[in-house]
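*Asks:*
In the numbering used here, the protein residues as written are 15 to 178.
Below, the structure is given as structure tokens:
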């Protein structure tokens with residue numbers, strides 16, 4: 015009756031051999047779809063449609079425009095925007111924040127397939143009591159416009175399969 019463990023091992027091997035890894039192109043496509051979804055959610059917020067250009071002083075911690083983004087820079091900017099979004103009290107942002115977290119996970123999968131390693135984003139430890147509380151509506155508009163511009167750049171960069 016020594017055949018029992020061997021049969022179990024063969025059966026397990028057979029099951030595992032049928033499981034396929036998720037292709038990286040599928041993950042990249044899912045990442046692009048999620049970016050488009052977040053942009054659509056931002057566009058769907060009612061007060062975002064009537065705003066052309068808001069300027070708020072004191073938001074120097076917002077990431078600036080980057081023309082070429084590697085995966086590590088994308089991750090760092092996503093983390094920065096995520097930290098800002100969770101400190102804004104708007105109910106409109108809860109789903110966007112959840113989508114951003116999922117986007118970070120997809121980006122980390124893409125990066126790990128290329129052997130990239132991410133570091134934690136520096137700064138923005140505590141945003142409480144800062145400019146975010148002084149002018150919430152304007153800050154939300156400025157942050158979401160910046161996030162939307164960043165996501166559109168990120169979407170274009172993903173077409174070229176960026177490096178670390």
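We put the beta carbon where it would ideally sit given N, CA and C, even for glycine.
Should residue 88 be counted as a contact of the ligand HEM given a C-beta to heavy atom distance under 7 Å?
*Replies:* Questions concerning the ligand HEM fall outside what the structure shown contains, since it holds no ligand whatsoever.
*Asks:* Going by beta-carbon coordinates alone, are residue 165 and residue 52 separated by less than 8 Å?
*Replies:* Within the chain shown, the letter at position 151 stands for residue 165. Within the chain shown, the letter at position 38 stands for residue 52. It is a contact, given that the beta carbons lie within the stated cut-off.
*Asks:* Using 8 Å for Cβ pairs, my map puts residue 169 next to residue 49. What's the rounded Cβ distance?
*Replies:* Against the chain shown, residue 169 aligns to sequence position 155. Against the chain shown, residue 49 aligns to sequence position 35. Contact flag correct, Cβ pair sits at about 5 Å.
*Asks:* Going by other Cβ atoms of all chains shown within 10 Å of its Cβ, with 16 needed for buried, is residue 155 buried or exposed?
*Replies:* For the purposes of this step, residue 155 is taken as residue 141 along the chain shown, with counting starting at 1. When all chains shown are included, residue 155 counts as buried.
*Asks:* Check whether the stretch 97-104 and the stretch 116-123 are in contact - that is, three or more C-beta pairs closer than 8 Å.
*Replies:* No: the two stretches stay apart, fewer than three of their Cβ pairs being nearer than 8 Å.
*Asks:* Taking residue 175 as the reference, give the member of 116, 85, 158 and 117 with the closest Cα.
*Replies:* Counted from its first residue, the chain shown places residue 175 at position 161. Comparing Cα-Cα distances from residue 175 to each of 116, 85, 158 and 117, the minimum goes to 85.
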